[in-house]
Structures are given as structure tokens and as C-alpha cells.
Amino acid sequence: MTIKLPNWPPERLVREAVLAWNLRHPGKEFSATSPWPDLCAAVHRFLRHQHSVYDQTLDALAGYDAEVRDELAEAIYQLARAQYPWLRSETDPRPFPKALAVPDLLFDKRSYALSEVHTRISHLESALRDLQHKTGVWDQVHQLRAELSELRQIAREEFKALTQTVPQSYAHSTTYVRRKERAYYYGGLALPESYTCYAGFRCSACDMAVMQTKRAVPVGQGRRWLVFSCGCTSYAVAPAPAGYRLEPVTAAFWAQLRLEHEQDAESGLA
Ligand SMILES: [Zn+2]
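Note that the numbering used here has the sequence shown beginning at -8, numbered continuously upward.
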């Protein structure tokens, strides 16, 4: 029997173990700050059930065999301790080193967010597979299924948006409304002033001058777009392909843009 445990940093392994547990045990949730012995046990359980042949092996036995079960569990436990030296219930290894930083650029950020959605989707699918054998969990199953179908829809749309590299029209754009800060935001790019110019009007909401990049700038995932920004709203738009003109960005356009995307404020990118 070969078991290959995932080669993940501690932060991710704990985060996913917590997620796996919480989806299966509503009302008894853990968090990354829960007592270490509990978390450590949750990680071992996660590795055993979600990342090894433990369940399949026991299911394939003709009958229940406690001895086989214990031996298998012990083998996986020892393997995990060998692979993750920090995974010891006696010593709390937290805080963990920071996981990879979230990328800065607009589309790199979106692509990263999409990968997080896919992680959650696979956890939901796995939890639903386990819960379908249980009784009295109808509400929970119903809730997880609803979330799963919502996330699949989001993932499909976002994938389409992210992989559509050739703009279909001048309308290929994205808007980002912020409520708290009053600062220019050019899709995550730190731009010297000489790269931007006044767009010709002020924002009626934050009263800051609306600025625009003089030319298309990198916004992640290989794209170069024009970016407009005031203190509360940013608007990135693909340069117009041949035969199209960009819709003029005016004070009225800006007010409308802000209005349309206001409800997405704080949730990140619209
Ligand atoms: Zn504004």
C-alpha cells in the first residue's frame, strides 16, 4: 500500500483540515485558533479520510476488522508525523509562516480567488459524498448542495471571464468600488504620476479628480488595459479593438458606473 500525503505548507494543511471538519460538523466548528491538540487531531483525521486509501480499504473488507483499521490508522499517523515534523500534538507550532502572498494585479487576484473557489468546491463535493450515507442531515446536505451549485456557477462565469483574452467589444471591462479608502487604485499597479493624467472631471461621490493611465498598463494574466480611478472607484477597460471606440468616460458615465457596482463594494471585484 502506497500512501502519498499532500506536500502542503502547514498553513494550508490546517486550513483545509478545518474546512473539511466544519463542513461535516455544523455547530461544532473549529478555527485556525482552536486549541492545538484538537486541530492536530483534525489534521490527522483529514489526512486519513481525505488523502489516503483508509476509507476505501476498510470499505473493501468483507467485514469490520478493528485490527486492520487500527494498523492502517497507525501507519498513516506515523507517515504524517514523518512528513510533517510540526504535526505533533505536544507542541503548538503556531504561528505558521505566512502562506504565499495574494497577488497584487487585478486579474492575478481574480485568478487566485478562482482557485480558492475550486478548493471549496472540491471540499463541498467530498463532504456531500460522506454525508449521503448519513441520516438526519437533510438540512445540512440541502445547504451544502445550494452552496455547491452557486459556487459552480460563479466558477464557470469567472473562468469564462478570465480566459476570454480577446475583447469582444469596447465593453470588456471591470469595475471596483471601494468605500473606505480614499486612494487611487490602478488594478494593483503602483504607478508614478507621470503615467497618469486627469480624465477631465471629478467624482461626485469622493470628490477626487478622476485620473486615467496614459496608455494600457499590465493588469495581470498577460493583459494590458486602460485604468481609470478616483478615490473610491476604479474602472479597467480593454483597449478598443480595431473598428470600435471606447465609450467616452465622462462624469455622467462615472456616476452611473459607481451606482451599478455599488452593491459589489467591499466584496472585491465586480
Ligand atoms: Zn470617487
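Yeah, the Cβ is synthetic: ideal placement off N, Cα and C, and Gly gets one too.
Cβ separation of residue i and residue j, assumed to be a contact under 8 Å, to the nearest whole Å
| i | j | result |
| --- | --- | --- |
| His114 | Val168 | Not quite, the Cβ-Cβ distance comes to about 30 Å (not below 8 Å), so this is no contact. |
| Gly202 | Ala190 | The question names Gly, but residue 202 is Met in the sequence shown. The pair is a contact, with the Cβ atoms about 6 Å apart (cut-off 8 Å). |
| Leu248 | Pro230 | Not confirmed; about 18 Å, so no contact. |
| Ala118 | Leu14 | 4 Å |
| Pro209 | Leu96 | 7 Å |
| Asp29 | Phe21 | 6 Å |
| Trp27 | Ser80 | 7 Å |
| Thr166 | Tyr235 | Contact doesn't hold; Cβ gap of about 19 Å is too wide. |
| Arg170 | Gly222 | Contact flag wrong, Cβ pair sits at about 11 Å. |
For residue i: DSSP bridge partner residues
| i | result |
| --- | --- |
| Cys188 | Gln203 |
| Tyr167 | Ser225 |
| Tyr177 | Leu180 |
Proximity test, residue i beta-carbon vs ligand 1 heavy atom, cut-off 8 Å
| i | result |
| --- | --- |
| Gly179 | no |
| Arg3 | no |
| Ala196 | yes |
| Arg170 | no |
| Met199 | yes |
| Gly191 | no |
| Thr166 | no |
| Thr187 | no |
| Arg147 | no |
| Cys31 | no |
Under the three-state DSSP convention, the category residue i falls into
| i | result |
| --- | --- |
| Thr(-7) | coil |
| Tyr55 | coil |
| Phe37 | helix |
| Ala32 | helix |
| His311 | Beyond the ends of the chain as shown, which are -8 and 261, falls residue 311; an answer cannot be given. |
| Val5 | helix |
Distance cut-off 8 Å: residue i Cβ against heavy atoms of ligand 2
| i | result |
| --- | --- |
| Thr241 | Among the ligands in the structure shown, ligand 2 does not appear; only ligand 1 can be found there. |
>> Runs of 3 residues minimum, wholly inside the stretch 194 to 249: which ones carry the beta strand (DSSP E) assignment?
In response: Within the stretch 194 to 249, the complete beta strand (DSSP E) runs of at least 3 residues are 200 to 204, 208 to 211, 214 to 220 and 224 to 228.
> What alpha helix (DSSP H) runs, 4 residues minimum, are completely inside the stretch 65 to 130?
Replying inline: Runs of the alpha helix (DSSP H) inside the stretch 65 to 130: 97 to 122.
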